[in-house]
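Participant: I'd like to ask some things about the structure below.
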């Protein structure tokens, strides 16, 4: 309660410091006032919501909930207010001590934020401000064995470097993206232009969620009017200082270098300038926006995150071709589509790979809980739990069970429910001998997993029900998941992980050491085990063989961090693959977090305020 009171005062302090924070962001990073104002509101939302989401877990009476220990928050310069606040507040709400290592380009803003937290009652020992370079000093910090977790927003290379330095590090990171907006022939083309400009050139394209690729169905690509309107609108964007409120694009954080310099100054084969960018005046930080036409599949512009004011335009014959081009980047942070045909938008939702999907609206501007934010693929290294979601704080909590979860109502039949009911009957009849207690726990776990899968994870949830805009959070199976056995694993820990993976819809592999011979393996080889292992691929392999298999997997599930072999940690760090290794719980609300990926879908279905078919459905017409 005291922690929630203090964090509530942090929210009040952020409200009071709004003007100072906006000014600090403009002075320190060149961010426009309008962009920073939104950031302050997001930070206030985090301060209000994360303590409430933490309390929801604390109120589960059968769980013991405590912080993981010492966390490090490594924040970027492009969102110097909201992103560090999100990490700090989530870690503090979970009961942790935090070291704040901000970007060297945003120290002034970070210092102002710390003043707000300390003034609200967060002690200087609980929140420590540690400005340092991201090189040797930062590496020493994040690689230190006394650090229990790191929250990073930064590049994929940075996340992988942290893991390779310390492979057993618990890293929760959002790592950027190469984001696309697809415009089909059935789009409102003027609306598409407006949304693409906001998505591509807000904050000079220096947002991880910014649209970098515009993929046009061939009819739109060949439409000279669409091209003319797009180019004219982008050309009209005022560029200049953050202190001049007329400007829509401010300065870049650094003069263009590396990939961005190449993207702004060079054409790749097949490309032409629909609008050529250039330095604005004598300030190397100020650049006018650019549009590359004719970007080729597999090219530098297609696959490289540029992080600046340049938009690549590609041609696609069909919607399926457009989705393939978008998915080829390997990233999966945000994606947008402009189409008035619900068949197209439904098909796109089912085939695009990204964490945040936007239909007929910009791909930027996610709001806490309304559009929880975070990606998949190369856009997330770690558990990939979405910021601003009901589950984000949970990854920084150490859970243990002090009692069994309460009985759960299960609304749908499932093969594992029938199996659990059979075990339950045998337990009552005293038929299972020394395995009885392990199977009783397994029965409770399966019942809890089915209940929460059916009520919490499988149904898409809209917490706001806004008129004219759907905002759904849905959960997808984590993909190819290996349940990895260890000689110290109990029968319950084995059954529970296999059941959770099957219930969540993952493609399940059981990785078993070749010489393992105990009660667990005997059970799995028997009649009951064969039912449990239905649709599960069983591999008898060494840790070295498992490590070699990791490029073909999406996630591993161990029952304890101390049971993960060092060479498996090292191989997973090399591949950026997440190893879920928290203790196995009977509670499905918590345990199932290891087997799902969240996806937010925001759909603006109104047409200039007209709800169309939805209005008829609401009225029963």
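In our numbering, the protein residues as written are 137 to 757.
Glycine included, each C-beta is placed from N, C-alpha and C at the ideal position.
1. Express the C-alpha separation of residue 534 and residue 216 in angstroms, rounding to a whole number.
2. What residue range is occupied by the uninterrupted beta strand (DSSP E) comprising residue 305?
3. CA-CA distance, residue 155 and residue 384?
4. Just grab the DSSP bridge partners of residue 606 for me.
5. Should residue 181 be labelled buried (16 or more other beta-carbon atoms within 10 Å of its own) or exposed?
6. Examine the Cβ distances between the region 727 to 739 and the region 505 to 524 and report whether three or more of them are shorter than 8 Å.
7. Taking only three categories from DSSP, how would you classify residue 613?
8. Report the option in 743, 753, 428 whose CA atom is closest to the CA atom of residue 327.
9. Output the distance between the C-alpha atoms of residue 750 and residue 606, rounded to the nearest integer angstrom.
10. Nearest by alpha-carbon distance to residue 709: which of 532, 244, 517, 218 is it?
11. Since residue 363 is in the beta strand (DSSP E), which residue starts that stretch and which ends it?
12. Please state whether DSSP places residue 109 in a helix, a strand or coil.
13. Starting from residue 562 and walking both ways along the alpha helix (DSSP H), at which residues does that stretch end?
14. Looking at the structure shown, is residue 488 part of a helix, part of a strand, or coil, going by DSSP?
15. Give me the Cβ distance between residue 345 and residue 481, rounded to the nearest whole Å; I'm assuming they're in contact under 8 Å.
16. Does the beta-carbon distance from residue 285 to residue 223 come in below 8 Å?
17. Can you tell me whether residue 342 is buried or exposed? The criterion is at least 16 other CB atoms within 10 Å of its CB, across all chains shown.
18. Can you list, in chain order, the residues of its chain whose CB lies under 8 Å from that of residue 256, leaving out five sequence neighbours each side?
19. Would you mind stating whether residue 165 and residue 246 have Cβ atoms separated by less than 8 Å?
20. Beta carbon of residue 167, beta carbon of residue 378: below 8 Å?
21. How many angstroms separate the CA atom of residue 468 from the CA atom of residue 613?
22. Nearest by alpha-carbon distance to residue 683: which of 712, 330, 368, 722 is it?
23. Could you check what DSSP says for residue 600 in three-state terms: helix, strand or coil?
24. Helix, strand or coil, according to DSSP, for residue 509 in the structure here?
25. If you draw a straight line from the C-alpha of residue 549 to the C-alpha of residue 723, how long is it?
26. Among the residues of its own chain, which have a CB less than 6 Å from the CB of residue 494, if the five just before and after it don't count?
27. Go through the region 257 to 309 residue by residue and report every complete run of the alpha helix (DSSP H) that reaches 4 residues or more, in order.
28. Within this structure, are the beta carbons of residue 233 and residue 278 separated by less than 8 Å?
29. Mind listing, in chain order, the continuous alpha helix (DSSP H) runs of no fewer than 4 residues lying wholly within the region 350 to 430?
30. Less than 8 Å between the beta carbons of residue 349 and residue 452, yes or no?
31. Do residue 646 and residue 669 have their beta-carbon atoms positioned less than 8 Å apart in this structure?
32. Give me the Cα-Cα distance between residue 197 and residue 322, rounded to the nearest whole angstrom.
33. Can you check whether the CB of residue 446 is closer than 8 Å to the CB of residue 399?
34. Whether or not the region 523 to 539 and the region 563 to 574 are in contact is what I'm after, with contact meaning three or more pairs of Cβ atoms, one per stretch, closer than 8 Å; do they touch?
35. What number of angstroms, rounded off, separates the C-alpha of residue 440 from the C-alpha of residue 465?
36. Rounded to the nearest angstrom, what separates residue 594 and residue 639 at their Cα positions?
Facilitator: Taking the definition as stated:
1. 28 Å
2. It is not in any beta strand (DSSP E) - residue 305 carries neither H nor E in the DSSP assignment.
3. 19 Å
4. 739
5. buried
6. yes
7. strand
8. 743
9. 11 Å
10. 517
11. From DSSP, residue 363 is part of no beta strand (DSSP E) but of the alpha helix (DSSP H) over 360 to 371.
12. The question about residue 109 has no answer, for the chain in this structure spans 137 to 757.
13. 551 to 564
14. coil
15. The Cβ separation is near 19 Å, so there is no contact.
16. no
17. buried
18. 142, 143, 145, 146, 148, 149
19. no
20. yes
21. 15 Å
22. 712
23. coil
24. strand
25. 19 Å
26. 472, 738
27. 272 to 278, 292 to 301
28. no
29. 354 to 357, 360 to 371, 394 to 401
30. no
31. yes
32. 52 Å
33. yes
34. no
35. 8 Å
36. 10 Å
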